[in-house]
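Asks: Each number in my numbering corresponds to the 1-based position in the sequence shown with 69 added.
Backbone N, C-alpha and C fix where the C-beta goes; we use that ideal spot for every residue, glycine too.
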Amino acid sequence: QGAVAIENARLYSATRQNLAGAALLNAAARTLHRTLDVRRLLPDAAGTLAQTFGARRSGLVLFEERGGDVISSGDWSHDAVRALAEPLRRREAPLLVPDAAARPDLVASGALDSGEGLAAFPVRGRSRVLGGLLLVFTAPRELTESETRLVAAYADQLAMALDNASLFEEAENRKTRLEQVFASTSEGFLVLDLERRVVALNRQGGDLLGVNPLEVIGRGFSSLMETIEGSVEWTDAAGQAFVVAIGRPEQTADGDLEVRRPERRTLRWLAMPTRDLLGAVVGATVTIRDVTREREIDRMKTEFVSTVSHELRTPLASIKGSLHLLLSDEGLVLDETQRHLVDISLKNTDRLIRLINNILDISKMEAGHIHLDLDLHRPVDFVEVAVEGIKGFAESRAIAIESEVAPDTPEVRVDFDRMVQVVTNLLSNAIKFSPERGRVEVGARGAGGQVEIWVADHGQGIAPEDVGRLFKKFQQVDGRTVRAVGGTGLGLAICRGIVEEHGGRIGVESQPGQGATFTVRLPVPGVVGATTRVEPPAPGAEKAPLVLVVDDEPDVRALLRDMLNTAGMRVIEAGRVLEGVEMARQRQPDVITMDLMLPDLDGFEAIRLLREHPETRDTPVVVLSAIEVEPGDPRALGATVGLVKPFTSADLLKAIRSQIRPRDEARP
């Protein structure tokens, strides 16, 4: 019985100890994790631990990341702290000293007195040892295994609380720094989430947009648009580009925004995706900068260059005319030297005129004043004119030009003279950079709804890192070669401007030592189908179905209009999404045809806008696009899909007629 009683007493003591330990850990968890100011609680935490284990004194040593030790509680000398801190920094396991006699170094430092015992536990954080938890006993004592586990668990609780507090402090410091940058920068910042809600707008951004940041934060972007509707014209190209960028947070975009009030200003904006720590897109950040003065200076520069260039043309015309007279006057006899000098003067006059014309072209493009006289032309015609015009230059360098235009190349709607200029510039470059007695190839062909015109040389080629600079004005990739062959660096910039004004693209493929191929891609006007133009329905045909055609390509709109007019339908047209949505609300057509690749918003966004308005919610939409849309695509929002360009007139009429309802049914 005595043995049983002793065992029961031992079990009872162990149970009480376990309960006390559990209570200690629960209390620590509640105390340490209910606040982020953990250091304020450390003295009490150490005291509670000392009381639980009957220690004479306790303490906490915290290690700063950059060195230095902090004592949170306890009467410890500097030497004692250093003596305890060094072994704790370097170890994972507790430092247990049951009797000070075993560690005379700790007695010498003042950390322990003779006859005392020590238990020191490292407080291990996520990435380093944060400090140590110290218990000093008045007499030699060895902690039991369960006591050691309990104090170690307590140290882990403390480490977790310290880590959380450190993360919170770091986040708060980062937030404060960002807020300071946000407030002090001269640029505006607009931050939106994936739902297009305004998350943040700094004071400068509010001033630039003419809104109070506090009034728009938390609201949707559409609400912000309505707030500044009187200051910004959202339906013009600049405004629409901004709206498109906001709706596509995963993309990077930039542009200008014109603000009318309180005074006219030009704002330059850059929209970039906002990403979380894992790299996922969580919204968009837009920086906004006032570039009104910069644009004004740029405009003044452009006007100055244009004015000076025009003023130079008049005397140059007189000089050139006089030189021609000298050469053509049969009554004036020039010896060989004189004729040679006049020839040199005439060639350099022509060179100067070409340079001035190039500068004028660049000025017009920058000012948006380039005029195109558009008409349908065969690529073979302007390629032949360009080849004929450059032939003398090629012969002077012993360069052969090989022309290959596919006989079935479609016509394109272009300014003939401008396209001759583009091909001539490309040929001139190819000839300049070709080896003597080399060859240059030029050709054209139809390719997937486009016409490709290419010019290839077999010269030294272009390094990959230089390709990006080719089409910028005054950029030349090899100074030594340019000095040898001449040039200003304007030709390719002009080519790019002209091609893009035609709605096309220009690019280059090249490898060093293997020559270069420049390719111009121009859209083929219209779609396969009607070949004749007919007059629209006679006045008074109000009962004929009304079709709204939304497409940014004028030729496509004209062809669709002809197809539909032939079938007795009335047609109204829009070249942009917002224009089309407003026209649909006002005119309420029976059917809408919608291109998907539009310059302001894509066709899917247009359909979404139509579905949001009661007047157009039920209006049938027939999607016409160069890209195939899968049946049931949720972005189409119930639109009829499947007409992929090119298609026939019969295909179009079948799709539209399938959607037309009697007007008394369609218009309650």
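Roughly how many angstroms lie between the CA atoms of R364 and S432, to the nearest whole one?
Replies: Cα to Cα, the separation comes out at about 14 Å.
Asks: Using DSSP with H/G/I as helix, E/B as strand and the rest coil, what is G672?
Replies: Three-state result, G672: helix.
Asks: Measure the C-alpha to C-alpha separation of G390 and N426 and round it to an integer number of angstroms.
Replies: About 17 Å.
Asks: Using C-beta distances below 8 Å, list every residue in its chain close to L496, excluding the 5 sequence neighbours before and after it, in chain order.
Replies: Contacts found: A455, V456, I459, A463, I470, V509, V511 and V524.
Asks: Residue range of the beta strand (DSSP E) that D323 falls in?
Replies: A322 to V328 is the span of the beta strand (DSSP E), which, as asked, contains D323.
Asks: Buried or exposed: which applies to V312, given that a residue is buried once 16 or more other Cβ atoms fall within 10 Å of its Cβ?
Replies: By the neighbour-count rule (16 or more Cβ atoms within 10 Å), V312 is buried.
Asks: Specify the secondary structure class of R151 as computed by DSSP and reduced to three states.
Replies: Reduced to three states, the DSSP call for R151 is helix.
Asks: With a cut-off of 8 Å on the beta carbons, I'd call A152 and D174 a contact; round off their distance for me.
Replies: At roughly 7 Å, the Cβ-Cβ gap stays under 8 Å, so A152 and D174 are in contact.
Asks: Just reading off the alpha helix (DSSP H) that F251 is part of, what are its end residues?
Replies: Element bounds for F251: E214 to S253.
Asks: Tell me the DSSP bridge mates of S397?
Replies: According to DSSP, which records beta bridges pairwise, S397 is partnered with nothing at all.
Asks: Going by alpha carbons, who is nearest to H446 out of V481, V492, F132 and F290?
Replies: For the residues V481, V492, F132 and F290, the minimum Cα distance to H446 belongs to V481.
Asks: Please name the residue in G566, E569 and V589 whose C-alpha comes closest to that of G576.
Replies: Among G566, E569 and V589, the Cα nearest to that of G576 belongs to V589.
Asks: Contact between the stretch 219–231 and the stretch 251–258: three or more CB pairs below 8 Å?
Replies: Because the criterion of three Cβ pairs below 8 Å is not met, the stretch 219–231 and the stretch 251–258 do not touch.
Asks: Quick check on the burial criterion: 16 or more other C-beta atoms within 10 angstroms. Buried or exposed for R210?
Replies: Buried.
Asks: Beta-carbon within less than 7 Å of G200's beta-carbon, same chain only, minus the 5 sequence neighbours each way: which residues are those?
Replies: Only L129, V130, L131, F132 and V192 meet the Cβ criterion.
Asks: According to DSSP, R506 sits in a beta bridge with which residue or residues?
Replies: Answer is none; R506 lacks a bridge partner.
Asks: Using CA coordinates, which residue listed in S127, R334, R329 and R344 is at the minimum distance from Q320?
Replies: The option with the nearest alpha carbon to Q320 is R344.
Asks: Short check: CB of T361 to CB of T335, under 8 Å?
Replies: Result yes, Cβ atoms of T361 and T335 sit closer than 8 Å.
Asks: Within the continuous beta strand (DSSP E) that includes V738, where are the two ends?
Replies: Outside the modelled stretch of the chain, which goes from 70 to 737, sits residue 738, for which no answer is possible.
Asks: How do the stretch 486–493 and the stretch 525–543 stand: do at least 3 beta-carbon pairs fall below 8 Å, yes or no?
Replies: The stretch 486–493 vs the stretch 525–543: no contact.
Asks: Decide if the stretch 161–172 is in contact with the stretch 234–244; the criterion is three or more beta carbon pairs, one per stretch, under 8 Å apart.
Replies: These segments do not touch.
Asks: Output yes or no for whether 8 Å exceeds the beta carbon distance between P658 and L615.
Replies: Yes; because the gap between Cβ atoms is below 8 Å, this pair is in contact.
Asks: Hey, G274 and L231: beta-carbon distance below 8 Å or not?
Replies: Taking 8 Å as the Cβ cut-off, G274 and L231 do not qualify as a contacting pair.
Asks: Answer with buried or exposed for P703, where buried requires no fewer than 16 other C-beta atoms within 10 angstroms of its C-beta.
Replies: Because P703 sits at a pLDDT of 46, beneath the cut-off of 50, its placement in the model cannot be relied upon, and the following sentence gives the value as read from the coordinates. Under this definition P703 is an exposed residue.
Asks: Helix, strand or coil: how does DSSP classify L443 here?
Replies: Of the three classes helix, strand and coil, the one that applies to L443 here is strand, per DSSP.
Asks: If we ignore side chains and look at the alpha-carbon of each, how far apart do L261 and D276 end up?
Replies: Cα to Cα, L261 sits roughly 18 Å from D276.
Asks: Using only the alpha-carbon positions, how far apart do N233 and R574 sit?
Replies: Computed Cα separation, rounded: 55 Å.
Asks: Per DSSP, which residues does G279 bridge with? Please list them.
Replies: In the DSSP output, where bridge partners are listed per residue, G279 has none listed.
Asks: Would you tell me roughly how many angstroms separate the C-alpha atoms of G22 and G637, rounded to the nearest one?
Replies: Nothing can be reported for residue 22, as the shown portion of the chain is limited to 70 through 737.
Asks: Alpha carbon to alpha carbon, how far is V640 from A675?
Replies: Those two C-alpha atoms are separated by around 19 Å.
Asks: Report the three-state DSSP secondary structure of S472 (helix, strand or coil).
Replies: In this structure, S472 counts as strand in the three-state DSSP scheme.
Asks: For H527 and R677, I'd like the C-alpha separation in whole angstroms.
Replies: Their backbone Cα atoms lie some 51 Å apart in a straight line.
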